[in-house]
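Reviewing the structure listed below.
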Amino acid sequence: MPPIKSNTLRAYSPGKLNLTFDILGDLPGGYHEVETLMQTVDIEDELIFTFEPASEFSIEIASIEFAGSKADVPTDQNNLITKAANLYTKNFDGEKKYKVTVQLKKAVPVAGGMGGGSGNAAATLMVLNKWFDDRYSDPELKRMASQLGADVPFFIDGGTQIGVHRGDVLSKVNCKSELSYLIVGPKLFGMQTAEVYGAYDQSKNESTPRIPADKCAAELESGTPETIGKTLGNAFESVVFARKPELKFIVDRLSQLGGICTRLTGSGPTLYVLTADAAEAQSIQSKLKQEQQSGAYGWNEHSNLTLNTWIAKSTSRGVRLIN
């Protein structure tokens, strides 16, 4: 007798950091050509999918819990989980229909530049593909993922990868050692990614320095955290910090507290500090909290700032599926 198929699948989708992010030019359709080196970290959202037979396919986000500050996350057709499910089932004809309910537990900062929504979309595609007995091949699934967002394909395999074109043409990088980070998520009204691109386009000039991903990749393969830190960068930093001076203040304070370097991930507002090890990350986290509570070093002028912080390490995996 074949085993009874459980009606529940569980997935864990990680956050990512942009260790490098550069804009090379324009692409047709209003897109930008980018080059970025992305790395997954061990901060993960949990998604629990429950399948019940139904007369038609539907998906509903039944609940959302937040590990950090509560955020505004849509539960309707605008959520990437729903978009991914609708795309996956778009060409279904004759397959069994299900009502799918999703319980989402958010740990990755929302709208923070760590790809939380994109990871959720990748998890949804992978869960549905497992449920429907690998209807689509891995290349087909990644092509589908790229329709949902430039960084969605990255989360299928995760680890450390260079993304070119829109960031969706990927090549793997060997990261020889586990890296430690302090991640700082300011609770700010973020800038939309399109707005940040627009601000960058207005400010760029011929002297804007390149941030080559291959140099970072070489150090990840054979260097130390200190030499890796010298290769990190984000082309968005100048325009984001100009429009969000409180972010620049946080970066300046973090640089005084230790670590190898502090960078913006994605279009922000989340920052990460590359540290020598987890102990240094914990030390900076503690000093940052004490400094903010004291009101010293300018914090009294930024008393309205709420910071969520996480100790994180690099991982070699993307979305994880568990029966």
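If you use the numbering used here, the sequence shown closes out at 482, no skipped numbers anywhere.
Note that beta-carbon positions come from the ideal geometry of N, C-alpha and C, so glycine has one too.
The structure displayed is predicted, hence computed values, not measured ones.
Identify whether residue i lies in helix, strand or coil by the three-state DSSP scheme.
i, result
"Gly-318", "coil"
"Ile-470", "strand"
"Asn-463", "coil"
"Met-160", "Residue placement at Met-160 is flagged as unreliable, the pLDDT there being 40, under the threshold of 50; a coordinate-derived value is accordingly withheld."
"Ser-339", "strand"
"Leu-284", "helix"
"Ala-221", "strand"
"Ser-475", "coil"
"Pro-212", "strand"
"Thr-352", "helix"
"Thr-167", "strand"
"Gly-344", "strand"
"Asn-482", "coil"
"Asp-185", "strand"
"Pro-312", "coil"
"Lys-301", "helix"
"Tyr-295", "coil"
"Asn-364", "coil"
"Ala-230", "coil"
"Leu-307", "helix"
"Gly-278", "helix"
"Tyr-359", "helix"
"Tyr-190", "coil"
Smallest Cα separation from residue i: which of the options?
i, options, result
"Phe-208", "Asp-292, Gln-198 and Asn-166", "Asn-166"
"Asn-364", "Ser-339, Ile-182, Leu-178 and Leu-246", "Ile-182"
"Asn-238", "Gly-271, Ala-230, Gly-276 and Gly-317", "Gly-276"
"Ala-435", "Gly-274, Trp-290, Ala-280 and Thr-421", "Thr-421"
"Ser-414", "Val-399, Val-398, Glu-439 and Phe-395", "Glu-439"
"Pro-428", "Thr-248, Asp-252, Arg-412 and Pro-404", "Pro-404"
"Glu-205", "Met-197, Thr-179, Leu-196 and Ala-266", "Ala-266"
"Leu-464", "Ser-473, Pro-345, Gly-388 and Lys-264", "Pro-345"
"Glu-337", "Val-259, Val-269 and Ser-381", "Ser-381"
"Lys-547", "Asp-297, Gly-184 and Phe-216", "The shown model of the chain, from 160 to 482, leaves out residue 547, and the question about it has no answer."
"Leu-341", "Glu-224, Glu-460 and Gly-418", "Gly-418"
"Ile-470", "Asp-231, Asp-201 and Asn-279", "Asp-201"
"Ala-372", "Ser-362, Gly-188 and Lys-389", "Lys-389"
"Ala-281", "Leu-447, Glu-203, Ser-339 and Lys-255", "Glu-203"
"Leu-379", "Phe-408, Gln-320 and Glu-396", "Gln-320"
"Asp-411", "Ala-377, Leu-447, Thr-468 and Pro-268", "Leu-447"
"Phe-251", "Gly-271, Glu-224, Glu-192 and Tyr-295", "Tyr-295"
"Arg-369", "Gly-454, Phe-180, Ser-453 and Ser-475", "Phe-180"
"Ala-170", "Gln-452, Asn-279, Cys-375 and Gln-351", "Asn-279"
"Gly-253", "Asp-235, Gln-351 and Ser-214", "Ser-214"
"Lys-472", "Asp-235, Thr-367, Asn-482 and Leu-433", "Leu-433"
"Lys-264", "Asn-288, Tyr-456, Glu-224 and Ile-443", "Glu-224"
"Val-311", "Gly-271, Lys-175, Ser-426 and Lys-289", "Lys-175"
"Asp-327", "Pro-298, Glu-460 and Gln-351", "Pro-298"
"Ala-485", "Ser-362, Leu-196 and Gly-188", "Examination of residue 485 is not possible in this model, given that the chain is present from 160 through 482 alone."
According to DSSP, what are the bridge partners of residue i?
i, result
"Asn-237", "Asn-237 pairs with nothing; no bridge assigned."
"Pro-173", "Glu-203"
"Ser-330", "Ile-321"
"Phe-180", "Thr-195 and Asn-393"
Throw me the rounded Cβ distance for the residue i and residue j pair, which I believe falls under 8 Å.
i, j, result
"Ile-315", "Lys-335", "Going by Cβ atoms, the distance from Ile-315 to Lys-335 rounds to 23 Å, so no, they are not a contact pair."
"Leu-423", "Leu-430", "6 Å"
"Leu-480", "Val-286", "6 Å"
"Thr-283", "Ile-220", "Incorrect: roughly 10 Å between the Cβ atoms, too far for contact."
"Arg-325", "Ala-309", "4 Å"
"Ala-358", "Arg-402", "7 Å"
"Gly-318", "Lys-331", "7 Å"
"Leu-178", "Gln-198", "6 Å"
"Leu-391", "Val-399", "Incorrect: roughly 15 Å between the Cβ atoms, too far for contact."
"Gly-477", "Pro-212", "No, Gly-477 and Pro-212 are not in contact; Cβ-Cβ is about 30 Å, not under 8 Å."
"Gln-306", "Leu-347", "Rounded, the Cβ-Cβ distance is 30 Å, inconsistent with contact."
"Val-232", "Val-261", "No, Val-232 and Val-261 are not in contact; Cβ-Cβ is about 12 Å, not under 8 Å."
"Glu-192", "Asp-185", "7 Å"
"Ile-485", "Val-343", "Outside the modelled stretch of the chain, which goes from 160 to 482, sits residue 485, for which no answer is possible."
Kindly examine the ligand COA and report whether one of its heavy atoms sits closer than 8 Å to the Cβ of residue i.
i, result
"Val-193", "Ligands in the displayed structure: none, and consequently the ligand COA is not present."
Kindly say whether residue i, judged by its beta-carbon, lies nearer than 9 Å to any beta-carbon of chain B.
i, result
"Leu-168", "Annotation note: the requested chain B is absent from the structure, which comprises a single protein chain."
**Prompt:** Where in the segment 239-272 do unbroken runs of the alpha helix (DSSP H), each at least 4 residues long, occur, reported from the N-terminal end onward?
**Reply:** Scanning the segment 239-272 for uninterrupted alpha helix (DSSP H) segments of 4 residues or longer gives 239-247, listed from N- to C-terminal end.
**Message:** Which runs of the alpha helix (DSSP H) at least 4 residues long sit entirely within the segment 369-457? Give them in chain order.
**Reply:** 372-381, 384-388, 396-402, 404-416 and 437-453
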